[in-house]
Every structure is written in C-alpha cells, then in structure tokens.
Amino acid sequence: MSGEEPNVPDTPDLPDRPAETASAAPEPPRVDRDAGGDSGGAGLAADGDADSEIAVHAVGIGPGNPEFLTRRAGRLLREADVVVGFETVVDYVADETDADLITCGYRDEPEALGRFAARVDDGARGVAVLMGDPNHSGYQFLGKVESAVDAPVEVVPGVSSVQVAASRARTPLEGSTFVTLHVRGDVSADLERLSRDAGARHLIVIPRPYDWMPEDVAARLIADGADPSLDALVLERMTHADEQVTRTDLGALADGAGGDGADDTAFSDLSVLVVRA
Numbered sequence: 006m007s008g009e010e011p012n013v014p015d016t017p018d019l020p021d022r023p024a025e026t027a028s029a030a031p032e033p034p035r036v037d038r039d040a041g042g043d044s045g046g047a048g049l050a051a052d053g054d055a056d057s058e059i060a061v062h063a064v065g066i067g068p069g070n071p072e073f074l075t076r077r078a079g080r081l082l083r084e085a086d087v088v089v090g091f092e093t094v095v096d097y098v099a100d101e102t103d104a105d106l107i108t109c110g111y112r113d114e115p116e117a118l119g120r121f122a123a124r125v126d127d128g129a130r131g132v133a134v135l136m137g138d139p140n141h142s143g144y145q146f147l148g149k150v151e152s153a154v155d156a157p158v159e160v161v162p163g164v165s166s167v168q169v170a171a172s173r174a175r176t177p178l179e180g181s182t183f184v185t186l187h188v189r190g191d192v193s194a195d196l197e198r199l200s201r202d203a204g205a206r207h208l209i210v211i212p213r214p215y216d217w218m219p220e221d222v223a224a225r226l227i228a229d230g231a232d233p234s235l236d237a238l239v240l241e242r243m244t245h246a247d248e249q250v251t252r253t254d255l256g257a258l259a260d261g262a263g264g265d266g267a268d269d270t271a272f273s274d275l276s277v278l279v280v281r282a
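The sequence shown: position 186 = 191 (this note's numbering), numbered continuously.
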C-alpha cells in the first residue's frame, strides 16, 4: 500500500559522491543493550532479535526473480513499516510486504528519502531496497540513504546478476576483474582497468545505459589493444523468464558500438557483459 504523510518533510542534502560516503568506513559494531557493550560482531541471533537494534536496513532483493530473494530479506520486508527505493525495484517486492511504499526516480530521490527519513525518525522500521546485491553498483543509493536518515544503516547482501552471470559464463570471480560502469560521472579509470586486464583475466562488466553498453565497451577494449577474437557473452535479465544469453566475440560485438540511446544498442539495460580470458 502507499502512505501519505500530513506534513511535508525536510528535503535532505545528499552528498555529491554518495558511493564514497557509503564506503568511507566499515559498518559500526552492533551494541547489545542487555550486555551494555560491543557485541563484537557476533552476528544475528537465531530469532532475528539482533535486527531490532537497527533502524534501517539496505536490502539487496536479488536479480528480480522472487526465488532469489534471501530468507532474511523476505523477513525484513515483512517486518518493515516503510520501504523506499527506485520504482522498478520496489515493484519486484511489493507483494512481499504490507509496508508503506515510497518510490522514486533520479529526479525525486531527495524528496522521497526525506519522506522515508521522517518516518524512520518517528520510529518506523525502514527498509531501503536495491536491485541484486547492494555491494554491486548499489553504493550510490546506499550513500544517499545513509545521508538522509539519522539512524544506523545495515547492508543486507543479496544475490547479484553478476554472480548469476559468472555462473552462466563459468568465470570464477577470483579469476575475474569486475567493474560496474552503472554510476554517474567519469568511468575512465574503470575502463583502463578493463583494458589492462583484457586477455589476462576474465572481465565482468555492468554496462551503463546507454553510453557504455556492451558494444561500446567492446570497441574501447579493442581500441586499447584487446584481441578481437576473445569470447564475449552478453547476459540479459538474469533469472527472469525472458533471460537471454548472446555468445559472440569481442570484434563482432564492437561492430554495434556508437550512440547513447536505447535504440542504439541491441541489448537491454539489464545486461552483464562477460569477456573470457
């Protein structure tokens, strides 16, 4: 259901570099109120009581298929009073919760997070939802949530499409270079990492709609000296009924490079590119 607040909450000032804000320090240790001290990172109690000390959880909901929603994520959604996230993400879990739903796009993030923070300040259990795993290209939204609320925020990992893509392509993560281009701003350093490791390590890339799609990344790698015959896979909408895997090589993929709109690419904005070494 959707909630309406009688007063207009303050709009928070969000950081210019939210991903850096979110990753500036480790999460603080949990405090056991009964013991009056540091829990030492002992983890969750079996009955979930440890979660009661956390006002806000940033929950990875998986790649969209409800079978990949973790049991803990599902429980937190059921217990939540208010849930915030991008509209497309919230839609995937709307049936998993009776909480008030606050949705947003890029333009109205501050207003939506202001409403969410006001509810948390009033004692509501808040859950911010992120696609896949918050640790895979979710730190920008995580940093904004942390800046908006005056409460501890705990990250709850989920299953990422990156993990599913690595399984489909049989590219173990320890032998791969992973880069997400799905961020705002300059990605030249990430592209340089990919060019440096092409052919020596597997590459796993989350493209950016629509200026750095799989074809554009392939063209950049070849321009920087990568072998055009390297195997390339584009994996779209992982775990969904319309999942699709395109198997090609880097050179053929690069033939489609150019443009910065949805009509300029053969692939979905829910894609992962894998280049095998």
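Idealized CB from N, CA, C, for every residue including glycine. From a predicted model like this one, the values you see are computed outputs, not experimental measurements.
Residue i: CB within 7 Å of a non-hydrogen atom of the ligand PLP
i, result
"A24", "Absent from the structure shown: the ligand PLP. Ligands present: none."
Continuous beta strand (DSSP E) stretch holding residue i: start and end
i, result
"E241", "236 to 241"
"V277", "276 to 280"
Proximity to residue i [Cα-Cα], best of the options
i, options, result
"Q168", "T26, V88, V277", "V277"
"A282", "A60, D18, S234", "S234"
"E151", "V134, S165, S166, G163", "V134"
"E220", "G261, A228, E197, L226", "G261"
"Y111", "D216, A104, E92, R120", "E92"
"V94", "E72, G137, A122", "G137"
"H62", "P71, G69, A85", "A85"
"D288", "V250, E241, A171", "A query on residue 288 cannot be resolved here, the shown segment of the chain reaching from 6 to 282 and no further."
"V132", "Y144, V280, L81, F146", "L81"
"A194", "R225, P71, V89", "R225"
"V250", "A117, A271, D103", "A271"
"A203", "L147, T253, R189, V280", "V280"
"Y97", "F121, D105, I66", "I66"
"A105", "F146, A99, V87", "Note that residue 105 is Asp in the sequence shown, not Ala. Selected option, being the one with the closest Cα: V87."
"P34", "R76, V160, M243", "V160"
"D127", "M243, R252, A60, V239", "A60"
"A205", "D236, R189, D113", "D236"
"A99", "R120, E114, P71", "P71"
"R252", "D113, L238, M243", "L238"
"D103", "R83, R120, V89, E114", "R83"
"E197", "I227, A170, A174", "I227"
"R76", "D268, E248, P162, R201", "P162"
Beta-carbon spacing of residue i, residue j below 8 Å
i, j, result
"S142", "T185", "yes"
"S181", "L208", "yes"
"L74", "E101", "yes"
"I211", "H187", "yes"
"P17", "A153", "yes"
"A231", "L258", "no"
"V158", "P68", "no"
"A24", "Q145", "yes"
"E78", "V125", "Checking the sequence, you will find Ala at residue 78 rather than Glu. Not a contact, by the Cβ cut-off of 8 Å."
"D216", "D265", "yes"
"I107", "A117", "yes"
"G148", "P20", "yes"
Reduced DSSP category for residue i - H, G, I as helix; E, B as strand; rest coil
i, result
"L226", "helix"
"R83", "helix"
"V150", "helix"
"G131", "strand"
"D15", "coil"
"G137", "strand"
"G69", "coil"
"D254", "strand"
"E248", "coil"
"A63", "strand"
"V158", "strand"
"A271", "coil"
"S172", "helix"
"S142", "coil"
"D265", "coil"
"D126", "helix"
"S166", "helix"
"A231", "coil"
"D260", "coil"
"D52", "Unreliable placement is indicated for D52, whose pLDDT of 42 sits below 50; the coordinate value is still reported in the next sentence. In this structure, D52 counts as coil in the three-state DSSP scheme."
Limits of the unbroken alpha helix (DSSP H) element including residue i
i, result
"E32", "Where E32 is concerned, there is no enclosing alpha helix (DSSP H), given that its DSSP letter is neither H nor E."
"P23", "23 to 27"
Short CB-CB distance (under 8 Å) between residue i and chain C
i, result
"D138", "No chain C is present in this structure, which holds just one protein chain."
*Starting from the N-terminal side, write out each stretch of the alpha helix (DSSP H) that is 4 residues or longer and does not extend beyond the region 88 to 122.*
Runs found: 92 to 98.
| In chain order, which alpha helix (DSSP H) runs of at least 4 residues are fully inside the region 174 to 218? | Counting whole runs of 4 or more residues, the region 174 to 218 contains the alpha helix (DSSP H) stretches 193 to 202.
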